[in-house]
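Protein chains in written order, with the numbering used here: chain P, 28 to 499; chain B, 28 to 499; chain Z, 28 to 499; chain F, 28 to 499. One structure is given here, and the rest of the page talks about it.
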């Protein structure tokens with residue numbers, strides 16, 4: 028759990044008040060990014076927008092939504108991967124290109140953004156943010172054409188990395204997915220209105236019927252109720268982010284064409300076969316590991332119990348009133364059902380271990396309730412490499428599995444046994460061809476090459492950007 | 028689900044910054060009331076306080092907590108049962124009694140508050156709020172004594188109804204529970220610091236060891252690290268609110284001496300015996316029915332599945348952007364896992380049905396995903412009478428089970444079968460003597476009598492109270 | 028300047044949206060109190076209200092005003108004289124008396140409030156604020172009558188001190204002035220709507236024609252467009268606060284029947300005769316001393332110049348960014364016109380000196396600009412006693428003139444000459460009988476006696492009241 | 028009065044917490060722009076900044092100032108001349124130029140910004156705001172050099188119009204003034220700290236000694252406590268904005284080397300000679316016409332009186348509660364001293380008339396108080412042309428004097444006589460060579476030519492920019 032997060036995209040073409048379904052869609056995609064939210068609309072001529080730090084329900088009120096008029100809109104939930112957390116880095120980004128307003132919302136990470144930016148700066152370009160997405164706009168402005176789809180196609184020929192993009196122009200919404208298809212992006216419709224969403228749960232909440240995923244390398248243009256498509260960057264390969272299935276996406280979504288809930292139960296079943304345990308009950312770290320724990324229980328025949336209760340009221344503004352609590356945030360979020368676990372042999376199923384610190388606190392908390400044996404089972408392989416394609420993982424030296432053996436991790440966590448799902452077990456549970464996934468975080472085999480390591484703060488310049496605040 | 032809510036109480040005696048553990052405790056008790064929160068502290072001489080509308084994490088920030096100095100504190104989470112939702116009705120209530128500041132926090136409902144208030148008003152007393160709790164303070168002020176425990180004892184002799192009270196004086200925290208023990212209240216300690224909490228989950232979050240429940244009719248005084256106790260209102264009877272076990276309390280709490288999680292699983296098992304079903308899978312309405320659904324699955328052998336995903340980001344400030352969504356809030360909160368339930372015979376376990384409108388929307392949503400058969404099972408009996416002891420139930424004419432037979436409800440909900448747990452089944456699952464519970468909402472047998480029906484808005488006067496707001 | 032402040036009252040009877048003219052009136056009376064503002068309205072049945080800390084324009088927005096429906100309203104601007112600065116002490120105060128809502132707004136100070144309160148507390152009364160005004164409401168509740176004007180009349184028989192009161196009942200606005208008439212209160216009308224205001228500038232801003240002052244000891248009831256009057260506390264004496272003419276009231280107001288601007292110019296003229304100076308120019312401390320400086324210039328023939336420029340943008344939220352500036356706030360507010368005063372002999376006219384610290388900083392600032400001679404002239408006598416009738420003066424030991432001779436003050440201020448207007452000169456300039464004024468702050472001859480010194484914080488209890496805050 | 032406003036600039040080099048004196052300086056320059064405020068600091072490496080809509084005291088609090096660390100800072104008060112009022116148009120503007128952060132604050136208006144921008148957009152440049160100042164940064168980025176002073180010098184060779192600029196680089200503050208010197212900009216020091224300010228009143232408030240004005244065409248670089256200067260755009264001509272002396276600048280400032288107070292009194296004296304009147308008293312429209320009214324009184328021998336009282340509490344958030352008041356805002360701001368003016372022949376001195384609507388309301392208000400004769404005297408010539416150099420004047424068709432003769436204006440205002448100061452009288456009162464001023468608003472003789480009329484909204488694109496808001 029807490030591997031990191033990425034971003035959520037939602038776009039609408041056709042609804043009379045397009046900001047409203049975008050609000051709904053971003054709300055359904057909230058789990059993909061809780062740091063900021065933004066919506067930009069077009070009424071055919073003018074753009075209207077609002078962006079703020081915080082959850083969707085915190086950022087927007089009735090007056091703000093009402094002010095975002097127009098039948099076209101794109102929205103973005105963000106968890107920063109590049110660029111610092113300041114309001115100038117909230118997406119969607121809006122600029123003028125030759126007098127035409129264009130907005131862009133991006134999920135992913137561009138591995139050659141830094142060198143492209145440096146080159147354009149030398150030629151006199153000025154950047155307003157530290158986000159890699161701004162590079163796309165500068166490439167578009169320099170494409171030597173007035174046609175926006177042409178600009179996009181030319182710009183993306185220079186770009187390498189992971190990207191799902193939603194662009195807004197005065198009269199269209201344009202969706203693009205990178206050639207390898209790292210991140211998901213789909214569309215659906217209700218009659219003649221079109222909706223783009225990172226996951227299908229966003230379509231469900233607005234009552235739209237799922238049509239299909241945007242294909243890797245495809246550009247889809249929605250304008251005047253019509254959809255046109257063009258493959259602008261063909262590729263033989265696929266590199267679906269397997270972590271979307273393990274952790275990011277909601278279990279009620281269909282992602283890369285498969286049910287997330289079904290894959291997670293399959294991971295749990297496979298884990299039970301790879302690492303069985305002799306135990307009295309199976310518990311989950313709610314809610315992200317619920318499906319895998321259920322799968323483990325089904326396969327092993329060990330009873331599932333609701334051994335940890337999660338407090339969902341914790342938010343960004345929670346104050347950790349004492350140093351002890353700042354050090355041990357686990358206690359704020361989870362509380363064991365003491366009567367249930369005391370004296371028992373417990374299988375604990377979690378989706379992943381990153382640094383190991385949170386897992387250690389959780390295991391200590393369970394021990395403190397008198398659990399007799401803890402058999403920790405992880406429904407993914409050890410994370411040994413950082414992600415450069417949009418997930419906020421720490422550097423290698425902070426990844427426990429990059430620095431310790433499984434036995435060392437077991438000792439550090441003070442559990443009786445520890446089992447990680449194998450890479451083969453993982454890929455074999457997805458129902459898709461194993462070679463279609465990116466598993467670089469487990470193997471170091473990065474599908475898009477880079478010359479210099481594109482660290483997550485690669486584009487961070489040496490200034491903090493000013494914040495702009497509207498007084499109440 | 029959504030039967031209503033009551034209030035949460037938390038008190039501290041001894042901690043150097045008592046406001047901080049109260050903040051933690053109220054956060055853990057947030058499920059008991061989300062409308063407002065307040066903390067009053069005493070530094071031995073002066074009181075300091077802050078109260079606001081909203082969740083605990085919304086009401087308090089670091090500066091506010093830091094300003095609430097003192098080693099004694101009481102806090103309150105509120106869901107209004109009497110008195111309108113205005114800042115003058117946020118608890119704890121603070122007054123001067125003969126020059127001594129006293130704060131009071133109350134969970135419950137006093138059935139004779141209205142007549143007591145009218146009588147005192149005729150004698151020249153002025154009331155500042157519309158809350159029944161203020162009557163207790165006026166009775167104390169008129170008790171003809173300077174000793175606060177004496178005042179409390181004398182005041183409570185006139186009071187009838189359900190109450191757990193936490194009072195703060197300059198040098199003590201005093202806890203009182205009504206003679207029948209409707210609502211829970213317990214205490215615990217960490218070394219020499221004492222903590223009072225509505226449920227044990229509040230003690231867990233501050234790391235305190237559970238000592239015991241306050242006994243019905245008991246007054247417990249915490250002062251200078253010492254606890255003294257006196258039975259001030261002895262009674263043979265008990266009238267524990269059974270809904271605390273069905274719905275209100277957190278499953279990780281021990282309430283009335285029993286594990287809430289264990290009772291709920293027992294309710295689900297009993298329900299499976301009383302109303303078996305021929306089905307492919309069991310699903311819960313998360314999170315309140317999770318344990319009962321698990322119990323049903325265990326007893327029936329039908330596989331539990333995670334068929335509904337709940338979005339926890341919805342908050343007080345969610346905007347329902349369209350009329351359709353205002354009418355159907357279920358879609359915002361829950362989304363089915365379509366691939367899982369399509370074409371299946373499903374047992375749906377819920378904790379209760381109040382008006383029936385939300386249940387109907389949920390059943391329609393499941394049908395819309397292609398569920399083949401729905402067998403709805405309720406882990407409590409039909410609610411046929413309103414509660415006058417602190418739960419915000421609607422009037423009888425809005426309670427569906429007070430006006431329709433089970434078969435009529437089944438038809439209204441358009442489900443294939445419907446089964447409610449029997450009262451005997453309910454009481455037999457608690458592990459406590461059946462006669463110790465109040466089941467008036469199922470039977471109309473009210474354990475505390477009243478002459479005129481004490482409607483929930485009984486004390487609402489004909490004015491709106493002014494709001495006081497501090498500008499930013 | 029900065030003697031202190033008191034409060035502003037404004038009431039409306041008849042206007043369809045009475046909160047709007049009250050907003051205007053309070054805005055015009057803002058100079059009488061900048062700490063908090065409140066408006067309570069009655070729609071004939073219900074009260075609606077809003078109170079907050081801050082200036083009128085900061086406290087109210089369009090939505091808030093729109094929510095304050097009703098054709099009757101009272102409003103209050105406050106500068107605390109008793110009671111601490113917390114939201115529970117913001118006026119108007121609203122309570123239920125025998126089920127009838129009553130609001131009270133008070134300008135003045137009651138000298139026997141403390142003993143009355145203690146007596147009622149012993150009989151079981153509970154107080155919600157630390158304001159002396161609350162005593163009036165308790166006396167009303169105990170008056171043994173159901174008729175509110177009767178209650179008021181009976182209550183005021185026990186009260187001693189300075190008070191202008193505006194009371195709101197569901198169907199009337201009632202104005203009362205104490206028997207000696209310390210503070211001003213007048214009324215006017217626009218057709219059939221009635222307006223009460225502390226000063227006539229409040230009537231001007233709503234376009235109302237001035238009718239007359241409420242007479243000392245009079246109660247005026249406005250109901251259904253009719254005005255009824257009764258003298259409830261007759262007295263031979265008058266005790267008009269002379270500081271209303273010297274400093275408090277706006278120069279465009281008529282107060283106690285005389286033009287404030289005319290009186291202030293007369294004070295300046297008289298001062299020029301009592302303390303002539305040989306100088307090049309006369310300057311004022313803007314804006315409170317402008318009229319007196321003009322009078323001095325007229326009488327002496329010495330040219331008035333605009334030697335100090337005042338920055339009006341300073342507000343409650345100004346941050347004094349350095350310790351030096353916190354110590355010397357004069358520089359933030361005033362800047363000399365260096366080119367004008369350099370090398371000149373300057374008469375500086377100020378309205379009063381309280382502690383002397385601000386005057387000293389001002390004189391130093393002028394010296395720093397190269398002024399050759401400073402002849403300081405004060406358009407009031409030395410303040411040697413505190414006020415107990417509603418003005419926020421410091422204790423005697425902080426009043427420089429209570430502890431130093433005029434020559435000592437001159438040396439402390441490092442000015443070349445210093446002249447204070449005499450008491451006779453002051454009273455002779457008002458155009459009213461000298462014996463009709465209270466000049467206790469200059470002479471110690473208090474017109475209303477008290478047994479124990481009613482210090483300004485007499486009623487301050489030993490608690491801080493909780494603040495109530497509505498989250499945005 | 029209310030001719031319009033421009034902007035205020037303040038910069039600091041050397042103070043350990045440079046944001047604090049900038050806060051003070053902007054506060055002293057608040058009269059130059061009340062719409063937004065921004066401060067950017069440099070700690071030698073990183074930039075820190077905060078910008079918001081509102082007054083300086085509203086925009087900044089203690090925490091915000093404390094976060095703006097560094098010994099170099101520039102600040103800006105804005106009244107929009109180009110670009111809409113949105114947070115993306117708040118200055119100072121910050122960008123990266125070749126990886127180096129640069130901030131710019133601008134007072135003035137560039138007449139060829141639009142054509143420069145269009146040209147650069149065609150070459151692929153992207154603009155983030157609609158402000159003309161952004162053009163300067165793009166020209167700098169394209170200057171083909173790495174040295175920032177070189178960039179500035181090259182960029183300004185393309186620029187025509189009025190500009191005072193303050194630029195911040197990681198290690199310096201750079202001030203530039205256009206070749207004709209339209210707007211004022213000066214510097215001063217306290218020991219080794221340097222301060223730049225639009226007017227000397229900004230130096231006064233931080234206790235800095237005035238050194239000199241930046242010369243027209245000069246660039247002054249402050250770095251490491253040293254000042255270097257270079258004339259980068261020499262010019263024979265001068266074009267000082269005469270309205271700085273008539274209205275904009277504070278009377279306690281020295282601007283273009285002359286005392287504003289002295290010039291204004293001279294304008295009033297000259298006006299009395301050009302347009303004498305037979306009257307009982309002279310009154311000013313406070314505060315902007317105070318000095319001119321005093322001059323008129325001195326020269327004419329007619330007594331000055333304080334006939335209008337101004338309410339300074341009105342702010343941006345004032346609600347005009349009725350339509351009548353929205354139409355007549357004069358009554359909110361000014362109230363006549365009725366007793367003083369009734370039945371009198373009054374000379375009213377005002378600084379200017381723009382549209383004439385406010386003047387008409389004022390004259391009506393005075394008439395309504397029973398003034399016998401009104402002799403309106405304007406201390407500047409009729410405004411017949413719009414300003415293109417940074418003052419927010421309306422278009423010609425809204426300027427009353429561009430469309431009506433003086434006699435027609437007199438009739439429209441319903442005054443007994445009307446006199447405007449002559450251009451010769453104006454220029455002859457300044458004490459500077461008449462040819463050194465820009466008087467285009469009176470004569471249409473624009474000192475900097477333009478091909479197409481550079482309307483004030485020239486650069487306004489067809490989008491509204493998204494607002495960024497930080498949640499509380």
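Glycine included, each C-beta is placed from N, C-alpha and C at the ideal position.
Measuring only the C-alpha atoms, how far is residue i from residue j?
i                      : j                      : result
residue 271 of chain Z : residue 371 of chain F : 27 angstroms
residue 437 of chain B : residue 445 of chain B : 6 angstroms
residue 320 of chain F : residue 104 of chain Z : 34 angstroms
Could you have a look at residue i and say whether DSSP puts it in helix, strand or coil?
i                      : result
residue 242 of chain Z : coil
residue 72 of chain F  : coil
residue 84 of chain F  : helix
residue 235 of chain P : coil
residue 386 of chain P : helix
When we look at the beta-carbon of residue i and count the other beta-carbons within 10 Å, is it buried (16 or more) or exposed?
i                      : result
residue 72 of chain B  : exposed
residue 41 of chain Z  : buried
residue 304 of chain P : buried
residue 433 of chain Z : exposed
residue 243 of chain B : buried
On a CA-only basis, which of the options is nearest residue i? Give me that one, please.
i                      : options                  : result
residue 330 of chain B : B/316, B/320, B/309      : B/309
residue 85 of chain P  : P/50, P/44, P/143, P/450 : P/50
Looking at residue j and residue i, is the spacing between their C-beta atoms short of 8 angstroms?
i                      : j                      : result
residue 92 of chain F  : residue 46 of chain F  : yes
residue 474 of chain B : residue 266 of chain B : yes
residue 101 of chain F : residue 124 of chain F : no
residue 500 of chain P : residue 278 of chain B : Outside the displayed range of chain P (28 to 499) lies residue 500 of chain P, so it cannot be described from this structure.
residue 210 of chain Z : residue 417 of chain Z : yes
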